[in-house]
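S.K.: The structure under discussion is supplied below as structure tokens; questions concerning it will follow.
In our numbering, the protein residues as written are 550 to 665.
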């Protein structure tokens, strides 16, 4: 929908692709849908949910056995984002390196986007 021909909407690091593929295999899901919703102290939050069926309006990105679907309303906010998976001493989880974000809260889960 908001793509550039020949360029994927989002990319995944090898760690993220491995983790998403592992989650898909574990429970037999078709992939992981990512999106954004209103909320959090900065105004927006990322969403992630398991998918059993691909919506025909989703942007589908496949890499190294991992499949990510981008909800239609989130495509313009997520274009150019790199999804990573980090493991630290205290926690592990997905991290979104999004060039469209202008501000993020201290916890890193709430974001504000650049004005269009």
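By construction, the Cβ of each residue, glycine as well, lies at the ideal position given by its N, Cα and C atoms. Small disclaimer: the values here were computed from a predicted structure and weren't measured.
1) Mind checking whether residue 580 and residue 600 have CB atoms under 8 Å apart?
2) Give me the Cβ distance between residue 618 and residue 607, rounded to the nearest whole Å; I'm assuming they're in contact under 8 Å.
3) Considering residue 557, what are the terminal residues of the beta strand (DSSP E) in which it resides?
4) Exposed or buried, which one is residue 647 when buried takes at least 16 other CB atoms within 10 Å?
5) Do residue 573 and residue 585 have their beta-carbon atoms positioned less than 8 Å apart in this structure?
6) Please classify residue 561: is it buried, with 16 or more other beta-carbons within 10 angstroms of its beta-carbon, or exposed?
7) With H, G and I counted as helix, E and B as strand and the rest as coil, what does DSSP make of residue 550?
M.R.: Taking the definition as stated:
1) yes
2) 4 Å
3) Per DSSP, residue 557 lies in no beta strand (DSSP E) and is assigned neither H nor E.
4) buried
5) By the CB criterion at 8 Å, residue 585 and residue 573 fall outside the cutoff.
6) buried
7) The predicted position of residue 550 is uncertain, since its pLDDT is 48 and thus under 50; a value taken from the coordinates is nonetheless stated next. Here residue 550 sits in coil by DSSP.
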